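Peer 1: Under the numbering used here, the first residue of the sequence shown carries the number 1, and numbering increases by one thereafter. Even glycine gets a Cβ: it sits at the ideal position worked out from N, Cα and C. This structure is a prediction, so every number in the text was calculated from the model and none was measured.
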Amino acid sequence: MPDRFYLSVQTVLTGCGVQIQLVYQTWDGGAPVTKFLLPEEYFDPLEPGESYEVDGVPKYNHTWQYLDVPPRRLKWTVERRSGTADDTTIRAQYMDGGQSWMTHRSDPDGYEEMIHSTQIGDGRCHILRTCRTTGGGWVVHLNTVIEGGDDGTQREKRLDGPWSFDEAMDYGRFGNS
Numbered sequence: 001m002p003d004r005f006y007l008s009v010q011t012v013l014t015g016c017g018v019q020i021q022l023v024y025q026t027w028d029g030g031a032p033v034t035k036f037l038l039p040e041e042y043f044d045p046l047e048p049g050e051s052y053e054v055d056g057v058p059k060y061n062h063t064w065q066y067l068d069v070p071p072r073r074l075k076w077t078v079e080r081r082s083g084t085a086d087d088t089t090i091r092a093q094y095m096d097g098g099q100s101w102m103t104h105r106s107d108p109d110g111y112e113e114m115i116h117s118t119q120i121g122d123g124r125c126h127i128l129r130t131c132r133t134t135g136g137g138w139v140v141h142l143n144t145v146i147e148g149g150d151d152g153t154q155r156e157k158r159l160d161g162p163w164s165f166d167e168a169m170d171y172g173r174f175g176n177s
């Protein structure tokens, strides 16, 4: 009941139907915690004539960046965005003290994406991204190792060549039509 009330008040106050819900659980906490964000808190500032429903771009790449909880304390997060042109649900499971995680994105149109980010040493991270469209098979569209330099730069070694994103997506649709 409080969730529905909050969303009704939010719609009246902001004049839009955009709803952002974050749910998370910490390793040291009991029950999951639910947090709602206003569009102004969640999205980058809009340009004149733009709306959050159509033009909203999230400020951050990861759900944990919206929370006052460091990743090392998180067990999991769920982010639900609705009322936009880019509605989605993003679930993340945290491991290794927040150094590694799995993210699952699920869109209303059936598109899904899984991202596995694993620390493999000091300053080295392996990222594997797989996705599928409605009725399609899972395909790898990114397999890379990113290494941080002492000067703050990053070097990326792609392990998914010579596939292009379009070739991977075409392969995912093969045999499913």
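#1: Which residue marks the beginning of the beta strand (DSSP E) containing Gly148, and which one marks its end?
#2: If we ignore side chains and look at the alpha-carbon of each, how far apart do Val18 and Ser117 end up?
#3: Grouping DSSP H, G and I as helix and E and B as strand, with all else coil, what is Trp76?
#4: Quick check on the burial criterion: 16 or more other C-beta atoms within 10 angstroms. Buried or exposed for Thr153?
#5: Apart from the five residues just before and just after Thr134, which ones in its own chain have a Cβ nearer than 6 Å to its Cβ?
#6: Distance, Cα to Cα, Val78 vs Lys35?
#7: Which residue wins for smallest C-alpha separation from Asp28, given the options Cys125, Pro45, Pro70?
#8: Which whole runs of the beta strand (DSSP E) in the stretch 82 to 123 are 3 residues long or more, in chain order?
#9: To the nearest angstrom, report how far apart Leu37 and Ser106 are at their CA atoms.
#10: Give me whichever residues DSSP pairs with Pro39 in a beta bridge.
#11: Which word fits Val57, buried or exposed, when buried means at least 16 other C-beta atoms lie within 10 angstroms of its C-beta?
#12: Using alpha carbons as the reference points, say which of Leu67, Asp122, Gly123, Val139 lies closest to Arg129.
#13: Per DSSP, Glu50 is paired with what?
#14: Quick one: is Gly121 buried, meaning 16 or more other Cβ sit within 10 Å of its Cβ, or exposed?
#15: Apart from the five residues just before and just after Ile146, which ones in its own chain have a Cβ nearer than 6 Å to its Cβ?
Peer 2: In this structure, then:
#1: Position 148 of the sequence shown, counted from the first residue, corresponds to residue 148. Note, Gly148: beta strand (DSSP E), 139 to 148.
#2: Indexing the sequence shown from 1 puts residue 18 at position 18. Indexing the sequence shown from 1 puts residue 117 at position 117. The straight-line gap from Cα to Cα measures roughly 29 Å.
#3: Taking the first residue of the sequence shown as position 1, residue 76 is located at position 76. Looking at Trp76 - three-state DSSP - the assignment turns out to be strand.
#4: Stepping through the sequence shown from its first residue, residue 153 is reached at position 153. Result: exposed.
#5: The count along the sequence shown starts at 1 and reaches residue 134 at position 134. Closer than 6 Å at Cβ, skipping near neighbours: Gly110.
#6: Locating residue 78 in the sequence shown gives position 78, where the first residue counts as 1. Locating residue 35 in the sequence shown gives position 35, where the first residue counts as 1. If you take the alpha carbons of Val78 and Lys35, they lie about 10 Å apart.
#7: Here residue 28 is taken as the residue at index 28 of the sequence shown, counted from 1. Here the closest residue by C-alpha is Pro70.
#8: 88 to 95, 100 to 106, 112 to 121
#9: In the sequence shown, counting from the first residue as 1, residue 37 sits at position 37. In the sequence shown, counting from the first residue as 1, residue 106 sits at position 106. Approximately 20 Å between the Cα atoms of the pair.
#10: Along the sequence shown, read from residue 1 onward, the residue named residue 39 stands at position 39. Bridge partners of Pro39: none, in fact.
#11: In the sequence shown, the residue the question calls residue 57 occupies position 57. By the 10 Å Cβ count, Val57 comes out exposed.
#12: Working through the sequence shown from its first residue, we reach residue 129 at position 129. With distances taken between Cα atoms, Arg129 lies closest to Val139.
#13: Translated into the one-based positions of the sequence shown, residue 50 becomes position 50. Paired residue(s): none; Glu50 is not in a bridge.
#14: Start at 1 with the first residue of the sequence shown, and residue 121 comes out as number 121. Gly121 comes out exposed.
#15: Counted from its first residue, the sequence shown places residue 146 at position 146. Cys125, Gln154, Glu156.
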